[in-house]
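**Q** Sequence positions in the sequence shown follow the numbering used here and run 575 to 847.
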Amino acid sequence: SNPLSPLKRINEEIYSYAKIKQREIDELKKMEAFRREFLADVSHELKTPIFAAQGFVHTLLDGAVEDKSVRIKFLKKAAKSLDGLDILVHDLLTISQMETGEIKMHFEDFDVRELTEEIIEQFEEKAEKKKIKLSYTKAGKAPIYVHADFQRIYQVLTNLISNGIKYTKDEGMVEIDFEEGKHDVTIFVKDTGRGIPPEDLKRVFERFYRVEKSRSKEKGGTGLGLAIVKHIIEAHGSKVSVTSTVGKGSTFFFKLRKSDMEEIEVLRDDSPD
Ligand code: ADP
575 SNPLSPLKRI
585 NEEIYSYAKI
595 KQREIDELKK
605 MEAFRREFLA
615 DVSHELKTPI
625 FAAQGFVHTL
635 LDGAVEDKSV
645 RIKFLKKAAK
655 SLDGLDILVH
665 DLLTISQMET
675 GEIKMHFEDF
685 DVRELTEEII
695 EQFEEKAEKK
705 KIKLSYTKAG
715 KAPIYVHADF
725 QRIYQVLTNL
735 ISNGIKYTKD
745 EGMVEIDFEE
755 GKHDVTIFVK
765 DTGRGIPPED
775 LKRVFERFYR
785 VEKSRSKEKG
795 GTGLGLAIVK
805 HIIEAHGSKV
815 SVTSTVGKGS
825 TFFFKLRKSD
835 MEEIEVLRDD
845 SPD
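1. Could you give the distance in angstroms between the alpha-carbon of R583 and the alpha-carbon of K593?
2. Determine which residues share a DSSP beta bridge with G823 and list them.
3. With a threshold of 7 Å (Cβ to nearest heavy atom), would I761 be considered close to the ligand ADP?
4. Report the rounded CA-to-CA distance for K647 versus T622, giving the unit in angstroms.
5. Looking only at its own chain, which residues have a Cβ that is under 6 Å from the Cβ of K829, when we skip the five neighbours before and after it?
6. Can you list, in chain order, the residues of its chain with a C-beta nearer than 6 Å to that of L659? Leave out the 5 residues immediately preceding and following it.
7. For K700, which residues of its own chain have a beta-carbon under 7 Å away from its beta-carbon, when the five flanking residues on both sides are left out?
8. Excluding the 5 residues flanking K787 on each side, which residues of the same chain have their C-beta closer than 6 Å to its C-beta?
9. Quick check: does the Cβ of N733 come within less than 7 Å of any heavy atom belonging to the ligand ADP?
10. With hydrogens ignored, establish whether the beta-carbon of D744 is closer than 7 Å to any heavy atom of the ligand ADP.
11. Rounded to the nearest angstrom, what separates A638 and D657 at their Cα positions?
12. Taking 8 Å as the threshold, find out whether the stretch 692-708 comes into contact with the stretch 768-782 through three or more Cβ pairs.
13. Indicate, with yes or no, if the ligand ADP has a heavy atom lying under 7 Å from the CB of N737.
14. I think S736 touches L775, with their Cβ atoms under 8 Å apart; what is that distance to the nearest whole Å?
15. Regarding E786 and the ligand ADP, is the C-beta to nearest heavy atom distance less than 7 Å?
16. If we ignore side chains and look at the alpha-carbon of each, how far apart do T732 and I588 end up?
17. Taking only the alpha-carbon atoms, compute the straight-line gap between R687 and I693 and give it to the nearest angstrom.
18. Quick one: using the 10 Å Cβ neighbour count with 16 as the cut-off for buried, is F826 buried or exposed?
19. So, using beta-carbon positions, are I661 and R781 closer together than 8 Å?
20. If you compare alpha carbons, which of R610, V816, F681 and H664 is closest to I727?
21. What's the C-alpha gap between S579 and E586?
22. In angstroms, rounded to a whole number, what distance separates the CA positions of P628 and G821?
23. In whole angstroms, give me the CA-to-CA distance for H810 and F762.
24. Can you name, in chain order, every residue of its own chain whose Cβ lies under 8 Å from the Cβ of D665, other than the five neighbours on each side?
25. Mind checking which residues open and close the alpha helix (DSSP H) that includes D665?
26. Where do the ends of the beta strand (DSSP E) carrying E688 lie?
27. Check whether the Cβ of K740 sits closer than 7 Å to any heavy atom of the ligand ADP, and report yes or no.
28. Going by other Cβ atoms of all chains shown within 10 Å of its Cβ, with 16 needed for buried, is A607 buried or exposed?
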């Protein structure tokens, strides 16, 4: 046989080993680039509220504190910036934990229609202020049991409904709808708001992405809401999507696994009356 063949084999092995290592290096480089970009984004986003609060506090120290009406006004503005900073840091922690896979999911069976009702109650005041009709389809109020992480789905619905209200003009509508399949349920959060241009549609789930940078920032968001939604839904092995028409409105939707009904029956039978 060919005396070169063992050598050739070794060569091939070295080659395939090198290829695996190269792939690992590429992966590490990608993670490193991601980290650097994330840090740059974060520093940039943190600067805004910090500079604002700093400005108000220093102006107060430079003498504005003597004037009572200015004093209250500036303190309120500084407080608002700091509150925003607090929310931002909280969202950042959530997202970094989700991106590094540090967050543990707690799956349980719960009625997602009841959860929706609770969240809607919390937003009623906000919606009323803008004369927005906030509703959800009751369909005989039959419960829809899903197998999911209660706290995180609470956050998903809160983020989507809050955006719906935020990006809808006065007298619009925000509606939550359910479409039940045999094994899953699709949840829709629909609004009659400003809509999202097609070129931005894919990117709204990226962290810190805002359609109209200054206008969206004015609305006080962190630019992290939808990125968090995407992470949470993906951690459920599902996907969140959006359809939208500029000037007409947007619909965000995602699928959740329904609970095993037999299990639910057992749970119910066991519950004390
Ligand atoms: P933000 O904190 O800015 O609201 P999000 O991650 O929740 O950040 O949303 C990202 C961007 O997507 C928003 O800045 C806004 O431009 C756009 N957006 C999100 N939800 C809607 C909606 N329901 N209607 C129109 N635009 C939306």
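Positions of the beta carbon are idealized from the N, C-alpha and C atoms, including for glycine.
Small disclaimer: the values here were computed from a predicted structure and weren't measured.
**A** Taking the geometry as given:
1. Here residue 583 refers to the residue found at position 9 when the sequence shown is read from its first residue. Here residue 593 refers to the residue found at position 19 when the sequence shown is read from its first residue. Distance between the alpha carbons of R583 and K593: 15 Å.
2. Translated into the one-based positions of the sequence shown, residue 823 becomes position 249. In the DSSP output, where bridge partners are listed per residue, G823 has T819.
3. Numbered from 1 along the sequence shown, position 187 holds the residue referred to as residue 761. Because no heavy atom of the ligand ADP lies under 7 Å away, the Cβ of I761 does not count as near it: no.
4. For the purposes of this step, residue 647 is taken as the residue at position 73 of the sequence shown. For the purposes of this step, residue 622 is taken as the residue at position 48 of the sequence shown. Their backbone Cα atoms lie some 19 Å apart in a straight line.
5. Working through the sequence shown from its first residue, we reach residue 829 at position 255. Only D758, T760 and S812 meet the Cβ criterion.
6. Residue mapping note: residue 659 aligns to position 85 of the sequence shown, counting from 1. The residues are P623.
7. Numbered from 1 along the sequence shown, position 126 holds the residue referred to as residue 700. So the qualifying residues of the chain are I739.
8. The residue labelled residue 787 in the question sits at position 213 within the sequence shown. Taken in chain order, the list of residues that qualify is empty.
9. Against the sequence shown, residue 733 aligns to sequence position 159. It does: the Cβ of N733 is within 7 Å (strictly closer) of some heavy atom of the ligand ADP.
10. Counting from 1 along the sequence shown, the entry for residue 744 is found at position 170. D744 Cβ: outside cutoff for every heavy atom of the ligand ADP.
11. As a working note, residue 638 is residue 64 in the sequence shown. As a working note, residue 657 is residue 83 in the sequence shown. Rounded to the nearest angstrom, the two C-alpha atoms are 22 Å apart.
12. no
13. Counting from one through the sequence shown, the residue named residue 737 turns up at place 163. Flag set: Cβ of N737 near the ligand ADP.
14. As a working mapping, residue 736 is identified with position 162 in the sequence shown. As a working mapping, residue 775 is identified with position 201 in the sequence shown. That pair is no contact at about 19 Å.
15. Along the sequence shown, read from residue 1 onward, the residue named residue 786 stands at position 212. Yes, the beta carbon of E786 sits closer than 7 Å to at least one heavy atom of the ligand ADP.
16. The residue given as residue 732 occupies position 158 in the sequence shown. The residue given as residue 588 occupies position 14 in the sequence shown. Cα to Cα, the separation comes out at about 53 Å.
17. Locating residue 687 in the sequence shown gives position 113, counting from the first residue. Locating residue 693 in the sequence shown gives position 119, counting from the first residue. Taking the straight line joining both Cα atoms gives about 10 Å.
18. Indexing the sequence shown from 1 puts residue 826 at position 252. Buried, by the Cβ-count rule.
19. Indexing the sequence shown from 1 puts residue 661 at position 87. Indexing the sequence shown from 1 puts residue 781 at position 207. Contact: no.
20. Residue numbering aside, residue 727 sits at position 153 when the sequence shown is read from its first letter. Nearest option by C-alpha distance: F681.
21. Residue mapping note: residue 579 aligns to position 5 of the sequence shown, counting from 1. Residue mapping note: residue 586 aligns to position 12 of the sequence shown, counting from 1. Cα-Cα distance, rounded: 10 Å.
22. On the sequence shown, position 54 is the one that residue 628 refers to. On the sequence shown, position 247 is the one that residue 821 refers to. The question names Pro, yet the displayed sequence has Gln at residue 628. The alpha-carbon atoms of Q628 and G821 are separated by roughly 38 Å.
23. Taking the first residue of the sequence shown as 1, we reach residue 810 at position 236. Taking the first residue of the sequence shown as 1, we reach residue 762 at position 188. When rounded, the distance between both Cα atoms is 16 Å.
24. Taking the sequence shown and counting its residues from 1, the one referred to as residue 665 is at position 91. T796, L798, G799 and I802, listed in sequence order.
25. What you label residue 665 is simply residue 91 of the sequence shown in a count that begins at 1. Taken as a continuous stretch (DSSP letters only), the alpha helix (DSSP H) holding D665 covers K642 to E673.
26. As a position in the sequence shown, residue 688 is number 114, starting the count at 1. Careful: E688 lies outside any beta strand (DSSP E), inside the alpha helix (DSSP H) at V686 to K703.
27. Within the sequence shown, the letter at position 166 stands for residue 740. Yes.
28. Along the sequence shown, one-based indexing puts residue 607 at 33. So A607 counts as exposed.
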